[in-house]
Amino acid sequence: MERISNIYFVPTPIGNMKDITLRALEVLKKSDIIYCEDTRNSSNLLKFHNIDTKLISYHKFNESERVAEIINNIKNGKIVSIISDAGMPIINDPGFVILQEVIKEGIAYEILPGACALVNGICGSGFDTTNFVYLGFVPKTNSEREKFFLNFKKMNVTGICYETPHRLLKTLEFLYKLFGNINVCVCRELTKLFEEYKRGSLEEVISYYKEKGVKGEIVLVIEKISEDEKEIDFEKEILNLKEEGYSNKDIVKMLKNNFNISKNEAYELVLNFENKGEI
1 MERISNIYFV PTPIGNMKDI TLRALEVLKK SDIIYCEDTR NSSNLLKFHN
51 IDTKLISYHK FNESERVAEI INNIKNGKIV SIISDAGMPI INDPGFVILQ
101 EVIKEGIAYE ILPGACALVN GICGSGFDTT NFVYLGFVPK TNSEREKFFL
151 NFKKMNVTGI CYETPHRLLK TLEFLYKLFG NINVCVCREL TKLFEEYKRG
201 SLEEVISYYK EKGVKGEIVL VIEKISEDEK EIDFEKEILN LKEEGYSNKD
251 IVKMLKNNFN ISKNEAYELV LNFENKGEI
């Protein structure tokens, strides 16, 4: 017997219009209202699959305002579906606020399985999928990025995050300064015509995208960072930081945080570097 729900959270294709389940199409067809991020984008999907259900905008700027309307429609017997422009609602897309209210109201709901970029990314990266963590979008400021990636390293798992094309190179270069030449996979334009998995060391991937340029939707997968790292060339690290204009105090702090050494050890490394007359 089919389960009866009042509201459905329906994943939509992340690129290829055909990547949607039969059940998702059935739900969208039987819905009285579909709440979506952008009615223009969603109307293209519905038209492709011959669905004429009413669309109403539901995005991060009006999400809170729509909650009462959606709850009222459900209580009046309407079948409601929530979709995003691409992929699974709620994951970095609208849906969380209404889901919380639905749970509070004791309303039956269903989350349909389907397309999700982070799943394609981790599977296509070729990295270990035994344990992995989804990190969300990479922060914009350097201080937030440093904390973000250092916390990830401590987890000792494969990491998946989303990044914008215009910030990708900056993030890759930041990772290189923080962890050295680790392995990553840039998953670009997943399921679309120009789908690409660029896997390799940071030096290789940075060089590739500096020459080619970066376009499209990006999923960045970072291979688990082993604690059994090769011997660190501290003199090279200090020299690089000096050339970037960091003070000795800043360098001591960065060595301590980045390489899990004591403050005294970091201070002595910087002092020895100075005494050797490297600068």
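For the sequence shown, position 198 matches number 198 in UniProt numbering, and the numbering has no gaps at all. Using N, Cα and C, we set each Cβ at its ideal position, and we do this for glycine too. Quick caveat: nothing in here was measured; it's all calculated off a predicted structure.
Beta carbon of residue i nearer than 8 Å to that of residue j
i, j, result
"Cys116", "Met88", "yes"
"Leu28", "Ile51", "yes"
"Leu112", "Arg167", "no"
"Lys172", "Ile206", "First, the amino acid is wrong: residue 172 is Leu here, not Lys. Their beta carbons are under 8 Å apart, which means Leu172 touches Ile206 by this criterion."
"Glu26", "Pro94", "no"
Sequence-distant residues of its chain with Cβ nearer than 7 Å to residue i (five each side left out)
i, result
"Ile90", "Phe9, Phe96, Leu99"
"Glu229", "Because Glu229 sits at a pLDDT of 48, beneath the cut-off of 50, its placement in the model cannot be relied upon, and the following sentence gives the value as read from the coordinates. There are no such residues."
"Glu105", "Ile71"
"Phe149", "Leu175, Leu178"
"Lys253", "none"
Rounded Cβ spacing between residue i and residue j (contact assumed at less than 8 Å)
i, j, result
"Glu146", "Leu178", "7 Å"
"Pro165", "Val214", "4 Å"
"Phe273", "Glu235", "6 Å"
Enclosing alpha helix (DSSP H) for residue i [first to last residue]
i, result
"Gly121", "117-125"
"Tyr208", "202-212"
"Ile98", "96-105"
"Val67", "63-75"
"residue 335", "Look at the range of the chain in this structure, 1 to 279, and you will see that residue 335 is not part of it."
Which listed residue (the options) has its alpha carbon closest to that of residue i
i, options, result
"Glu204", "Glu196, Val184, Glu223, Gly213", "Val184"
"Leu202", "Val214, Tyr176, Leu46", "Tyr176"
"Leu46", "Glu211, Lys18, Asn62", "Lys18"
"Asn41", "Asp85, His49, Leu239", "Asp85"
Extent of the continuous beta strand (DSSP E) run through residue i
i, result
"residue 281", "The requested residue 281 does not occur in the structure, where the chain is confined to residues 1 to 279."
"Val133", "132-137"
"residue 286", "As displayed, the chain neither begins before 1 nor continues past 279, which places residue 286 out of reach and without an answer."
"Lys54", "54-57"
"Glu223", "Segment: none, Glu223 is in no beta strand (DSSP E) and carries neither H nor E."
"Asn92", "That residue, Asn92, is in no beta strand (DSSP E); it is neither H nor E in DSSP."
"Ser43", "Premise fails: Ser43 lies in the alpha helix (DSSP H), 39-48, not in any beta strand (DSSP E)."
Cβ shell of residue i (< 8 Å), same chain only, five flanking positions each side left out
i, result
"Thr158", "Ile122, Ser125, Phe127, Asp128, Thr129, Asn131, Phe132, Val133, Val221, Ile222, Glu223, Lys224"
"Asn16", "Thr191, Lys192"
"residue 365", "What the structure shows of the chain is the stretch from 1 to 279, and residue 365 is not part of that stretch, so it cannot be assessed."
Residues near residue i in its chain [Cβ-Cβ closer than 6 Å; skip 5 each side]
i, result
"Arg66", "Tyr58"
"Pro13", "Asp19, Ile20, Ala115"
"Glu195", "Glu189"
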